[in-house]
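Everything on this sheet refers to the single structure shown next.
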Amino acid sequence: MRYISTRDPAHTATLGGAILRGLAPDGGLYVPESFPALPPDALGGARTLAGVAERLLAPFFAGDALAGELPAICAEAFTFPVPLRDLREHTAVLELFHGPTAAFKDVGARFLAAVLSRIAGDDADARPLTILVATSGDTGGAVAAAFHGRPGVEVGVLYPAGMVSPRQEKQLTAWGGNVRAFAVRGAFDDCQRLVKAAMGDPGLRASRRLSSANSINVGRLLPQMAYYAWASTEYRRRHGVDAGFIVPSGNVGNATAALWAMRMGMPVREVVMATNANPALTAFTGGAAWAAHPTVSTLATAMDVGSPSNMERILALYGGEAAARGALRAERVDDAGIRRVIGEGPARWGEVWDPHTATAVAARERIGGEHWIVVSTAHPAKFEGVVEPLIGRTVEIPPELRRLLDHPSHAEPLEPTLDALRAALSMPAPA
Ligand SMILES: *Cc1c(COP(=O)(O)O)cnc(C)c1O
């Protein structure tokens, strides 16, 4: 399988090349050149997530130097359960938050780490591999957790000082070892700008290989197809019908993976993107041309995205705006709706929802109908400041998160300049 840029298909890469590079040279995003149709029985009756992933992803690794490693990569990445729980009213919830940082980004980050550490071990290039990631909260923690302790790989997490929640900060700074956390004096945009500048800096590149683990890396999207394949076949096995997925969406990577799985013939009836108050997706599905909007701050912070970058992949999948608009559905939920759904969750569904999952539940309540799988992207204990006052009790912290919260923190303050980042990277981490 070759990977092509969404902007110009003449820019091609191997799987390993696309993952190492992150972004195509023309600024486009890498996508698989094709999506081979896979009848459900091609999954060979695999019932574990790792087993499904191995079969589903085989065509995307075909012909690549990493192909022989796919089973080991899947075994390493899919180590935590992804339960599909039936609730009432022909509605199920797919819980993606049982990984080390209690959010779905653990899946993509662990898969990416398993792939990149194998590329780093490739002895053709002896320079160390440094992964830089800019984060406004969740991504950095998942990437740090996934790479922590891997030989031959260093991680630099850049986050805006004072602008992430205390529990999020803990997930960025509790690692040590090969993971360094930089508290940047600036905003998330400064962190992103620094990572981009570092990636293009000849001085830094001379001494090390640099890669970025942000959400546009195709190595994070591919494994996310696996849980859609697994959950959709499992739902059909249990209930004899195809379910639709409702996906809490920000940068729309997770929804893209669902649409890719559907394109491969998995038994997915439809995919609904649930957003917070950020209007880009609903404006588009409502008939407007695709356009970026200013970012709106909401209770579902990880979905505060004004210009969802993976939309470029969705437009490429459908071949343009008109076709995409005809195929997509989006539902927008404001903070009042999020609060209402969280507050009513225990009585209405018997569940405590986090603010992101609550957008999908609100969409489910609004749409009605039957056979929906609500995708749950985070554990409510990560957002206790929002959730606990609304349900009037504390949320129990899952053991993985507890372990992390008990670790000491290490963060290095960083001025928002490339010079400062270059200097910091040239020194070993302070003990
Ligand atoms: C990142 C994130 C989302 C949004 O996912 P996208 O792939 O960016 O659409 C939703 N919920 C949580 C908890 C997240 O961390």
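Residue numbers (the numbering used here): 189 to 619. Cβ atoms here follow ideal geometry from the backbone N, Cα and C, with glycine treated the same way. Here the structure is a predicted model, which is why all the values come from computation and not from measurement.
- Under DSSP, the beta-bridge partners assigned to Pro436 are Ala462.
- In the structure shown, the three-state DSSP call for Val341 is strand.
- Rounded to the nearest whole angstrom, the CA to CA distance from Arg393 to Arg368 is 18 Å.
- For Phe292, the shortest C-beta to heavy atom distance toward ligand 1 is below 8 Å.
- In this structure, DSSP gives Thr279 an extended state, which the three-state scheme calls strand.
- Counting only residues of its own chain and dropping the five nearest sequence neighbours on each side, Ala445 has a CB closer than 7 Å to the CB of Leu409, Gln412, Met413, Tyr416.
- If you draw a straight line from the Cα of Ser495 to the Cα of Asn466, it comes to about 9 Å.
- Taking all protein chains shown into account, Met450 has 16 or more neighbouring C-beta atoms within 10 Å of its C-beta and is therefore buried.
- In this structure, the beta-carbon distance from Val281 to Val563 falls below 9 Å.
- Inter-residue distance for Thr318 and Leu578 is about 42 Å (C-alpha atoms, whole angstroms).
- Around the beta carbon of Ala504, 16 or more other beta carbons lie within 10 angstroms, which makes this residue buried.
- In the displayed model, Ile585 falls within coil according to three-state DSSP, outside both helix and strand.
- Per DSSP, the beta bridge partners of Leu211 are Leu217.
- Relative to ligand 1, the nearest heavy atom lies less than 8 Å away from the CB of Asn498.
- In this structure, Met491 has its CB closer than 8 Å to one or more heavy atoms of ligand 1.
- Nearest neighbour of Arg396 by Cα position, chosen from Gly340, Leu516, Gly557, Arg528, turns out to be Gly340.
- Around the Cβ of Thr473, a 10 Å sphere holds 16 or more other Cβ atoms; the residue is buried.
- Closest in C-alpha terms to His559, from the list Leu272, Ala314, Leu258, comes Leu272.
- In this structure, the CA atom of Ala518 is about 11 Å from the CA atom of Val440.
- Non-local beta-carbon contacts of Thr470 in its own chain, meaning distances under 6 Å to residues more than five positions away in sequence, involve Ala518, Arg520 in chain order.
- Our two residues, Thr236 and Asp430, have alpha carbons roughly 19 Å apart in a direct line.
- Between Ala246 and Arg457, the alpha-carbon positions lie close to 24 Å from each other.
- Counting only runs of 4+ residues, the alpha helix (DSSP H) found wholly inside the segment 346 to 406 occupies 354 to 361, 376 to 387, 390 to 395, in chain order.
- Counting only the Cα atoms, Phe266 lies some 20 Å from Leu592.
- With a threshold of 8 Å, the Cβ atom of Pro436 counts as near ligand 1, since some heavy atom of the ligand is closer than that.
- At a cut-off of 8 Å, the beta-carbon of His544 counts as near ligand 1: some heavy atom of the ligand is closer than that.
- Assigned with DSSP and collapsed to three states, Ser305 falls in helix.
- In this structure, the C-beta of Gly441 approaches ligand 1 to less than 8 Å from one of its heavy atoms.
- Contact between Glu600 and Phe335 is absent: CB atoms are separated by about 17 Å, not below the 8 Å threshold.
- In the three-state reduction of the DSSP assignment, Asp196 falls in the coil class, being assigned neither a helical nor a strand state.
- A direct Cα-Cα distance of roughly 46 Å separates Thr202 from Ala524.
- The alpha-carbon separation between Gly557 and Leu398 amounts to approximately 48 Å.
- Our two residues, Gly296 and Thr327, have alpha carbons roughly 10 Å apart in a direct line.
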